[in-house]
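When we follow my numbering, the leftmost residue of the sequence shown carries the number 10, and every step to the right adds one. Here is the structure we will look at.
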Amino acid sequence: MKRYVEGENRSQSTLFPESLDDYIAEDNPVRVVDVFVDELDLKEMGFEGAEPEATGRPAYHPGTLLKIYIYGYLNRIQSSRRLERETQRNVELIWLTGRLSPDFKTLADFRKDNGNAIRRVCREFVVLCRSLNLFTEALVAIDGSKFKAVNGRDRNFTQHKLKARMQQLEESIARYLADLDRADRDPSSVTEARVEHLKEKVETVKAQMQRLKHLGEQMAQTPDEQISLTDPDARSMATSARGSGVVGYNVQTAVDAKHHLIVTHEVTNKGTDRSQLSSMGQQTQQALGTQKFTALADRGYYAGPEILACEQGGINALVPKSYTSNNLAKGQFDKRDFHYIAADDQYRCPAGQRAIWRFNSIEHGQTLRRYWSSACPRCPLKAQCTTGDYRRIARWEHEAVLEAMQARLEKMPDAARIRRQTAEHVFGTLKSWMGATHFLMKRLPNVRTEMSLHVLAYNLKRAMQIFGVVPLMRAIRA
10 MKRYVEGENR
20 SQSTLFPESL
30 DDYIAEDNPV
40 RVVDVFVDEL
50 DLKEMGFEGA
60 EPEATGRPAY
70 HPGTLLKIYI
80 YGYLNRIQSS
90 RRLERETQRN
100 VELIWLTGRL
110 SPDFKTLADF
120 RKDNGNAIRR
130 VCREFVVLCR
140 SLNLFTEALV
150 AIDGSKFKAV
160 NGRDRNFTQH
170 KLKARMQQLE
180 ESIARYLADL
190 DRADRDPSSV
200 TEARVEHLKE
210 KVETVKAQMQ
220 RLKHLGEQMA
230 QTPDEQISLT
240 DPDARSMATS
250 ARGSGVVGYN
260 VQTAVDAKHH
270 LIVTHEVTNK
280 GTDRSQLSSM
290 GQQTQQALGT
300 QKFTALADRG
310 YYAGPEILAC
320 EQGGINALVP
330 KSYTSNNLAK
340 GQFDKRDFHY
350 IAADDQYRCP
360 AGQRAIWRFN
370 SIEHGQTLRR
380 YWSSACPRCP
390 LKAQCTTGDY
400 RRIARWEHEA
410 VLEAMQARLE
420 KMPDAARIRR
430 QTAEHVFGTL
440 KSWMGATHFL
450 MKRLPNVRTE
460 MSLHVLAYNL
470 KRAMQIFGVV
480 PLMRAIRA
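Here it is, written out as structure tokens:
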């Protein structure tokens, strides 16, 4: 083959065989995985088998199995079966494991049985990043996104879905029975084979209805009246796209605004973000090692008690208010048109009248103060204000905390842009790596393990981009 680049002769032996290390460049990312795991105290992390048994068949070192998984998630290879194949043909994995090739069951059991330890490894890398002064700005973006579970939509039932499915089956039975009645009246109109087929369909649908009734009884005993058959912990959740949803998990992250590293994360099966702000804030405090920082979040996190908990914990939460009132659409004054006078504990309405405090009430565990003006019935602007006799204004007892937060938010007009470009980019990257199926494991503890491996892989890649492979290895060894 003249005038082409030629490869080596496959049958040609070499006098001095090359070592495994010759195949891996000094700046290959796989070397970071090797150094990082070697520097971990796996026994302290809680890995099973970190202390070998005195008798029995020798096991694989947990460090070797951890290296395989970190490498796999770095390179979008999450399946234990695929990882087993890669250890036999992938030069980087052959180097990383020293030619070891654990079977897929060993790999799968390691991930399943060491979930807590793997999550500690993910947190340990965040501690390393903190020691490298990567979180100096103390500004994070908190956001959540829905990830698909191993559970199809047709294997998840809510009260609405169950009712619709039962109605569909009842209509099918009515249609089949009508066909059978027609066959009884005129046997020549329907073949005997068709009659037998219809009878089988009727019995099948009746069995399905019986099964759905049993599912309905089980669903009534669950807290959220929802049941998933493949992954019992997965839940049906609405997504940002109108009229769509996903059966899966709600993944929460706090992302550093400077380097876009994931500071902390959590996986829940709650469909909304409303109750997640303070818990994510507290986890971020622990990860950053500081009490005071600024947290940016979207309207989905706006909840008075959550913002109050952040304020009391020293967290500067900036969350835009979600307006649910329909007054503006009806051409009426909104609550923002009423100015609160703190010194007098009164509201000044658009007509210049004072709405004074009348009484307190408790709704959903919150104490609300009620205000209205005696001048409402004679007010010339009443048509623009309310259809009732008086325009009543409700004020939460800790409303001042929300007003102070809104004032801070107005001083930072680019907060929404920073949050969007920080957190949403991370979710897009993770979902792209995961592929169409997202999670491969079932049940919430296992899904949390998988997510920790994805987050660890993401942070490793970001750190390598920031420092470079060789400097990062030196920093890990230091």
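Backbone N, C-alpha and C fix where the C-beta goes; we use that ideal spot for every residue, glycine too.
Element boundaries [beta strand (DSSP E), containing Arg316]: For the purposes of this step, residue 316 is taken as the residue at position 307 of the sequence shown. The sequence given here has Ile at residue 316, not Arg. Note, Ile316: premise wrong, no beta strand (DSSP E); alpha helix (DSSP H) at Gly313 to Gln321.
Should Asn18 be listed as close to the ligand GTP, given that the test is whether its C-beta is under 6 Å from any heavy atom? This structure does not include the ligand GTP; it has no bound ligands of any sort.
Asn165 - containing beta strand (DSSP E), residue span: In the sequence shown, counting from the first residue as 1, residue 165 sits at position 156. Taken as a continuous stretch (DSSP letters only), the beta strand (DSSP E) holding Asn165 covers Asn165 to Thr167.
Excluding the 5 residues preceding and the 5 following Ile402 in the sequence, name in chain order all residues of the same chain whose CB lies nearer than 7 Å to its CB. Counting from one through the sequence shown, the residue named residue 402 turns up at place 393. The residues are Lys344, Phe347, Tyr356, Ala364, Tyr380 and Trp381.
Grouping DSSP H, G and I as helix and E and B as strand, with all else coil, what is Leu305? Within the sequence shown, the letter at position 296 stands for residue 305. Note: Leu305 maps to strand in three-state DSSP.
So, under 8 Å CB-CB, Leu75 and Val46 are touching, yes? Tell me the CB distance rounded to an integer number of Å. As a working mapping, residue 75 is identified with position 66 in the sequence shown. As a working mapping, residue 46 is identified with position 37 in the sequence shown. At roughly 5 Å, the Cβ-Cβ gap stays under 8 Å, so Leu75 and Val46 are in contact.
Would you report the Cα separation of Asn325 and Ile316, rounded to the nearest angstrom? Locating residue 325 in the sequence shown gives position 316, where the first residue counts as 1. Locating residue 316 in the sequence shown gives position 307, where the first residue counts as 1. Here the C-alpha atom of Asn325 lies approximately 9 Å from the C-alpha atom of Ile316.
Inter-residue spacing [alpha-carbon to alpha-carbon] between Phe476 and Thr96: Translated into the one-based positions of the sequence shown, residue 476 becomes position 467. Translated into the one-based positions of the sequence shown, residue 96 becomes position 87. Rounded to whole angstroms, Phe476 to Thr96 spans 28 Å at the Cα level.
Give me the Cα-Cα distance between Asn160 and Ala445, rounded to the nearest whole angstrom. Here residue 160 refers to the residue found at position 151 when the sequence shown is read from its first residue. Here residue 445 refers to the residue found at position 436 when the sequence shown is read from its first residue. Their backbone Cα atoms lie some 13 Å apart in a straight line.
In the DSSP output, which residue or residues are listed as bridge partners for His274? Position 265 of the sequence shown, counted from the start, is the residue given in the question as residue 274. His274 pairs with Thr262.
For Glu372: DSSP bridge partner residues: Within the sequence shown, numbered from 1, the residue matching residue 372 stands at position 363. Paired residues: Gln375.
Apply the 10 Å Cβ neighbour rule to Lys215 and answer buried if 16 or more other Cβ atoms are within range, or exposed otherwise. Stepping through the sequence shown from its first residue, residue 215 is reached at position 206. Flag for Lys215 reads exposed.
Return the chain-ordered list of same chain residues with a C-beta closer than 7 Å to the C-beta of Met421, the five sequence neighbours on each side being excluded. Position 412 of the sequence shown, counting from 1, holds the residue named residue 421. Its chain contains Leu327 as the residues whose beta carbon lies nearer than 7 Å to that of Met421, once the 5 sequence neighbours on both sides are disregarded; these appear in chain order.
Length of the line joining the Cα atoms of Asp195 and Asn455: Sequence index remark: in the sequence shown, residue 195 carries index 186 (1-based). Sequence index remark: in the sequence shown, residue 455 carries index 446 (1-based). Taking the straight line joining both Cα atoms gives about 59 Å.
By alpha-carbon positions, which one of Gly437, Gln430 and Leu481 ends up nearest to Ala266? Stepping through the sequence shown from its first residue, residue 266 is reached at position 257. Of the candidates Gly437, Gln430 and Leu481, the one whose C-alpha sits nearest the C-alpha of Ala266 is Gln430.
Lys155 and Asn259 closer than 7 Å at C-beta: The residue labelled residue 155 in the question sits at position 146 within the sequence shown. The residue labelled residue 259 in the question sits at position 250 within the sequence shown. Yes; because the gap between Cβ atoms is below 7 Å, this pair is in contact.
List the residues that DSSP assigns as beta-bridge partners of Gly380. Within the sequence shown, the letter at position 371 stands for residue 380. The displayed chain sequence assigns Tyr, not Gly, to residue 380. DSSP lists Trp366 and Ile402 as partners of Tyr380.
Between Leu116 and the rest of its own chain, which residues show a CB-CB distance below 8 Å, the 5 nearest in sequence each way excluded? For the purposes of this step, residue 116 is identified with residue 107 of the sequence shown, where counting begins at 1. Hits under 8 Å: Leu74, Ile77, Tyr78, Ser89, Leu92 and Glu93.
Would you be able to state if there are at least three C-beta pairs under 8 Å between the segment 268 to 285 and the segment 304 to 324? Enough Cβ pairs lie closer than 8 Å, so yes.
Can you tell me whether DSSP reads Gln355 as helix, strand or coil? By one-based count along the sequence shown, residue 355 stands at place 346. DSSP places Gln355 in strand when its eight states are reduced to three.
One question on the structure: do Val264 and Ala296 come within less than 7 Å of each other, judged by their Cβ atoms? In the sequence shown, counting from the first residue as 1, residue 264 sits at position 255. In the sequence shown, counting from the first residue as 1, residue 296 sits at position 287. Cβ atoms of Val264 and Ala296: not closer than 7 Å.
How far does the alpha helix (DSSP H) with Lys76 in it reach, from first residue to last? Mapped onto the sequence shown, residue 76 falls at position 67. That run of the alpha helix (DSSP H) goes Pro71 to Leu83.
Nearest by alpha-carbon distance to Pro480: which of Asn18, Gly16, Val44 and Asp188 is it? Here residue 480 corresponds to residue number 471 of the sequence shown, with the count starting at 1. Ranking the options by Cα distance to Pro480, first place goes to Val44.
Which one or two residues does DSSP pair with Gln235 in a beta bridge? In the sequence shown, the residue the question calls residue 235 occupies position 226. Partner(s): Thr167.
Quick check: what's the CA-CA separation for Thr376 versus Arg162? Looking up residue 376 in the sequence shown gives position 367. Looking up residue 162 in the sequence shown gives position 153. In a straight line, the C-alpha of Thr376 is about 40 Å away from that of Arg162.
Helix, strand or coil: how does DSSP classify Val327 here? Looking up residue 327 in the sequence shown gives position 318. In the sequence as displayed, the identity of residue 327 is Leu instead of Val. Here Leu327 sits in strand by DSSP.
From the DSSP secondary-structure annotation, give me the bridge partner or partners of Ser198. One-based indexing of the sequence shown puts residue 198 at position 189. When DSSP reads this structure, Ser198 sits in no beta bridge, so it has no partner.
Under 7 Å between C-beta atoms of Leu141 and Ala484: In the sequence shown, the residue the question calls residue 141 occupies position 132. In the sequence shown, the residue the question calls residue 484 occupies position 475. Contact: yes.
Taking the beta strand (DSSP E) that Phe494 belongs to, which residues open and close that run? Lying before the first or after the last residue shown, residue 494 is absent from the chain, which here runs from 10 to 487.
When you compare only the Cα positions, how much space is there between Asp152 and Asp398? Position 143 of the sequence shown, counted from the start, is the residue given in the question as residue 152. Position 389 of the sequence shown, counted from the start, is the residue given in the question as residue 398. If you take the alpha carbons of Asp152 and Asp398, they lie about 42 Å apart.
Start and end residues, beta strand (DSSP E) containing Gly153: In the sequence shown, the residue the question calls residue 153 occupies position 144. That run of the beta strand (DSSP E) goes Leu148 to Lys157.
Leaving out the 5 sequence neighbours to the left and right, which residues in its chain are closer than 8 Å to Phe508 when beta-carbon positions are compared? The requested residue 508 is not part of the displayed model; the chain covers only 10 to 487.
Ile236 beta carbon less than 7 Å from that of Gln230: Within the sequence shown, residue 230 is the residue found at index 221, counting from 1. Within the sequence shown, residue 236 is the residue found at index 227, counting from 1. No.
Within a Cβ cutoff of 7 Å, which residues of the same chain sit near Leu207, ignoring the five residues on either side of it in sequence? Position 198 of the sequence shown, counted from the start, is the residue given in the question as residue 207. Contacts found: Tyr185, Asp188 and Leu189.
Buried/exposed call for Val100, threshold 16 Cβ in 10 Å: Position 91 of the sequence shown, counting from 1, holds the residue named residue 100. Val100 is exposed by the Cβ-count criterion.
Limits of the beta strand (DSSP E) - the one that Ala247 falls within: Numbered from its first residue, the sequence shown carries residue 247 at position 238. Run containing Ala247: Arg244 to Ala247, per the beta strand (DSSP E) assignment.
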